[in-house]
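Enquirer: First the structure, which I've put down as structure tokens, then a few questions once you've had a look.
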Amino acid sequence: MTSTSINYQFTDAKVERPDEKTITFKLESAFAPFPYVVAKPTFRKGLLGTGEWRVTKATVSAGFIQRLVLVDKEGDRKILKFYPTEERAKLGFKLGEIDILQDIFSPKPFNEWGVAEIEKEVGDNWYVAIFFNTQDKLLGEKSFRQALAYAVKKDGFDGPRAVSPISPNSWAFNPQVKPYHYDLVRAQELIDDLANELKENLTVNIVTTPALLLVAESIARDWAEVGVTGNVQVSSGVPAEYQALLAIFDIPEDPDQYSIWHSTQTSTNITRYQNPRIDKLLEDGRVELNLEERKKIYLDFQRFLVEDSPATFLYHPTTYTVKRK
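Following the numbering used here, the numbering of the sequence shown begins with 53 at its first residue and continues without gaps.
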């Protein structure tokens with residue numbers, strides 16, 4: 053492995069290789085998350101990685117990878133299969149298509165069979181949240197979003213509480229944000245203070261995936277206690293239009309979340325959130341190179357974002373790996 057073996061496809065950085073062990077990147081402007089970008093796995097050429105395994109065959113259908121065959125230098129082989137839903141992956145395990153089932157959110161029914169080993173892990177780098185469409189007439193009201201946050205019982209989920217979009221393991225995590233502990237009285241007060249025209253139809257459609265259906269139904273029951281009707285809909289992806297989206301989010305290793313919350317990022321800002329203060333903090337955070345100053349920026353980012361409630365952060369999900377005995 054030499055510096056020429058690694059191929060980065062950067063269009064806005066000049067790449068130099070002064071020797072076989074060194075790669076130098078020269079950026080046009082400061083970009084603090086860059087070390088995390090170059091730390092990600094890369095390929096040397098085609099499907100040949102930088103490690104001991106190489107992809108010898110890839111099966112693709114309708115634009116999605118279904119199967120990868122990996123071979124190492126000794127000729128050992130691994131086959132990775134990808135399924136569209138957790139239920140379909142479980143069926144594949146039952147049918148003997150796979151021997152290891154990774155990163156599922158419910159071990160049932162395998163935990164009742166006694167024929168499989170089950171490993172449990174808390175996903176601190178994931179969170180489950182309700183993302184609100186902030187351009188919706190009803191959910192555009194900050195106080196209503198806060199009421200919905202207070203109305204959810206958050207202690208019964210399969211994983212520790214999540215209070216922020218940044219991992220609790222991160223150096224930038226702010227543990228002092230508003231936690232929105234379950235408070236039915238406060239939720240009702242906020243709803244009672246809404247304009248009469250908004251209170252005429254307190255209905256929120258909740259879109260979620262099959263894996264989170266039970267969680268969505270639980271949230272709908274909680275909201276009903278403050279007079280809000282939650283209609284649960286199951287979808288395999290993010291619809292173009294929605295009011296509330298219950299989803300699992302993969303937290304970036306770097307605290308930079310420009311693409312998720314900045315108002316200009318129309319294709320990835322799924323809440324359609326617009327806040328000049330948050331925009332400025334996100335802009336400053338990705339160019340500030342001093343770690344302590346950068347931390348202060350992200351502490352403020354979390355404090356103001358959570359206060360504004362474009363999303364209700366619920367919990368860090370527990371994931372399970374099932375292995376055939």
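Every residue, glycine too, gets a C-beta built ideally from N, C-alpha and C.
Do the CB positions of ILE182 and ALA296 come within less than 8 Å of each other?
Expert: For this step, residue 182 is matched to residue 130 along the sequence shown. For this step, residue 296 is matched to residue 244 along the sequence shown. For ILE182 and ALA296, yes; Cβs fall inside 8 Å.
Enquirer: Rank LEU357, ALA268, TRP275 by C-alpha distance to the C-alpha of VAL284 and give the top, closest one.
Expert: By 1-based counting over the sequence shown, the position of residue 284 is 232. Taking only the C-alpha atoms, the option nearest VAL284 is ALA268.
Enquirer: For LEU132 versus LEU122, is the C-beta spacing smaller than 8 Å?
Expert: Residue numbering aside, residue 132 sits at position 80 when the sequence shown is read from its first letter. Residue numbering aside, residue 122 sits at position 70 when the sequence shown is read from its first letter. In this structure, LEU122 lies closer than 8 Å to LEU132 by Cβ.
Enquirer: Which same chain residues, not among the five before or five after THR137, have their C-beta less than 6 Å away from its C-beta?
Expert: Along the sequence shown, read from residue 1 onward, the residue named residue 137 stands at position 85. PRO262.
Enquirer: Determine the burial state of PRO70: buried for a count of at least 16 other Cβ atoms within 10 Å of its Cβ, exposed for fewer.
Expert: Residue 70 sits at position 18 when you count from the first residue of the sequence shown. Exposed, because fewer than 16 other Cβ atoms sit within 10 Å of the Cβ of PRO70.
Enquirer: Alpha carbon to alpha carbon, how far is HIS368 from SER351? Give it in angstroms, no decimals.
Expert: The residue labelled residue 351 in the question sits at position 299 within the sequence shown. The residue labelled residue 368 in the question sits at position 316 within the sequence shown. The sequence given here has Leu at residue 351, not Ser. Rounded to the nearest angstrom, the two C-alpha atoms are 20 Å apart.
Enquirer: Using 8 Å as the cut-off, can you tell me whether the segment 198-215 makes contact with the segment 315-327, which would need three or more C-beta pairs spanning the two stretches below that distance?
Expert: They do not touch, by the three-pair rule.
Enquirer: Would you list the one or two residues that DSSP bridges to GLN285?
Expert: Sequence index remark: in the sequence shown, residue 285 carries index 233 (1-based). GLN285 pairs with VAL259.
Enquirer: In this structure, does DSSP put VAL358 in helix, strand or coil?
Expert: For the purposes of this step, residue 358 is taken as the residue at position 306 of the sequence shown. Note: VAL358 maps to helix in three-state DSSP.
Enquirer: Determine, using beta carbons only, whether ASN221 and ASP176 come nearer to each other than 8 Å.
Expert: In the sequence shown, the residue the question calls residue 221 occupies position 169. In the sequence shown, the residue the question calls residue 176 occupies position 124. For ASN221 and ASP176, yes; Cβs fall inside 8 Å.
Enquirer: Determine the closest residue to GLU340 out of ASP308, LEU147, ARG140, VAL112, with distance taken between C-alpha atoms.
Expert: Residue numbering aside, residue 340 sits at position 288 when the sequence shown is read from its first letter. Measuring from the Cα of GLU340, the nearest candidate turns out to be ASP308.
Enquirer: Count the CB pairs spanning the segment 189-197 and the segment 302-316 that are closer than 8 Å, and state whether there are at least three.
Expert: Too few Cβ pairs lie closer than 8 Å, so no.
Enquirer: Mind checking whether VAL90 and TYR60 have CB atoms under 8 Å apart?
Expert: Here residue 90 refers to the residue found at position 38 when the sequence shown is read from its first residue. Here residue 60 refers to the residue found at position 8 when the sequence shown is read from its first residue. Taking 8 Å as the Cβ cut-off, VAL90 and TYR60 qualify as a contacting pair.
Enquirer: Locate the alpha helix (DSSP H) running through PRO87, then write down its first and last residues.
Expert: One-based indexing of the sequence shown puts residue 87 at position 35. Unbroken alpha helix (DSSP H) run through PRO87: 86-90.
Enquirer: Which whole-angstrom value describes the C-beta separation of SER216 and VAL358, a residue pair presumed to lie in contact below a C-beta threshold of 8 Å?
Expert: Looking up residue 216 in the sequence shown gives position 164. Looking up residue 358 in the sequence shown gives position 306. Confirmed, Cβ separation roughly 6 Å.
Enquirer: Rounded to the nearest angstrom, what separates ARG218 and SER315 at their Cα positions?
Expert: Position 166 of the sequence shown holds residue 218. Position 263 of the sequence shown holds residue 315. Reading off the sequence shown, one finds Ile at residue 218, where the question assumed Arg. Taking the straight line from one Cα to the other gives about 19 Å.
Enquirer: Which stretch, first to last residue, makes up the alpha helix (DSSP H) that contains ASP244?
Expert: As a first step, residue 244 must be located in the sequence shown, where it is residue number 192. 236-244 is the span of the alpha helix (DSSP H), which, as asked, contains ASP244.
Enquirer: Can you check whether the CB of VAL180 is closer than 8 Å to the CB of ILE300?
Expert: What you label residue 300 is simply residue 248 of the sequence shown in a count that begins at 1. What you label residue 180 is simply residue 128 of the sequence shown in a count that begins at 1. The answer is yes: Cβ separation under 8 Å.
Enquirer: Grouping DSSP H, G and I as helix and E and B as strand, with all else coil, what is ALA199?
Expert: In the sequence shown, counting from the first residue as 1, residue 199 sits at position 147. Reduced to three states, the DSSP call for ALA199 is helix.
Enquirer: Helix, strand or coil for TYR325 per DSSP?
Expert: Residue numbering aside, residue 325 sits at position 273 when the sequence shown is read from its first letter. The answer is coil: DSSP assigns TYR325 none of H, G, I, E or B.
Enquirer: Tell me which same chain residues have a C-beta within less than 6 Å of the C-beta of GLN240, skipping the five on either side of it?
Expert: For the purposes of this step, residue 240 is identified with residue 188 of the sequence shown, where counting begins at 1. Once the five neighbours on either side are set aside, the close Cβ partners of GLN240 are VAL278.
Enquirer: In three-state DSSP terms, what is LEU153?
Expert: As a position in the sequence shown, residue 153 is number 101, starting the count at 1. Three-state DSSP puts LEU153 in a strand.
Enquirer: Since I believe THR281 is in contact with GLU318 (beta carbons under 8 Å), could you give me their beta-carbon distance rounded to a whole number of angstroms?
Expert: Translated into positions along the sequence shown, residue 318 becomes position 266. Translated into positions along the sequence shown, residue 281 becomes position 229. A small correction: the amino acid at residue 318 is Thr; Glu does not occupy that position in the sequence shown. 30 Å between Cβ atoms; not a contact.
Enquirer: Would you report the Cα separation of ARG129 and ALA65, rounded to the nearest angstrom?
Expert: Position 77 of the sequence shown holds residue 129. Position 13 of the sequence shown holds residue 65. Their Cα atoms are separated by approximately 37 Å.
Enquirer: Distance check for GLN118 and ALA141, CA to CA, integer angstroms please.
Expert: In the sequence shown, residue 141 corresponds to position 89, counting from 1. In the sequence shown, residue 118 corresponds to position 66, counting from 1. Those two C-alpha atoms are separated by around 11 Å.
Enquirer: Output needed for ILE322: all residues of its chain with C-beta closer than 7 Å, excluding positions within five of it in sequence on either side, in chain order.
Expert: Numbered from 1 along the sequence shown, position 270 holds the residue referred to as residue 322. Once the five neighbours on either side are set aside, the close Cβ partners of ILE322 are PHE183, VAL290, LEU297.
Enquirer: State the Cα-Cα distance for the pair LYS348 and GLN228, rounded to the nearest angstrom.
Expert: Translated into the one-based positions of the sequence shown, residue 348 becomes position 296. Translated into the one-based positions of the sequence shown, residue 228 becomes position 176. In a straight line, the C-alpha of LYS348 is about 13 Å away from that of GLN228.
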